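Residue numbers (my numbering): 4 to 88. Ideal Cβ positions, reconstructed from N, Cα and C, are used throughout, including at glycine. Nothing here was measured: the structure is a model prediction, and the numbers come from that model. Note sheet for the following structure.
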């Protein structure tokens, strides 16, 4: 009999990650480039996937969606916002 896979072994694509955080796909990639987000896995070709367990752990560190001002500063968020203004 086949056992179901444990949730920590599930992977999701960038579109689902973006939807989970209510941001665009580009924002997820920007966070990754800045080192402010878990790195994706590439199971084959150019397909990028994130482990659900790692995304959940990241969410826990964000404390329900809040990041500290220091984390935003270190990620370059304020610099990008000033350039865009």
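8 Å or more divides the Cβ of residue 17 from the Cβ of residue 39. For the 8 Å CB-CB criterion, residue 44 and residue 54 form a contact. For the set 24, 58, 77, the Cα lying nearest the Cα of residue 13 is the one of 58. Residue pairing for residue 47: DSSP places it in a beta bridge opposite 50. DSSP lists no bridge partner for residue 41.
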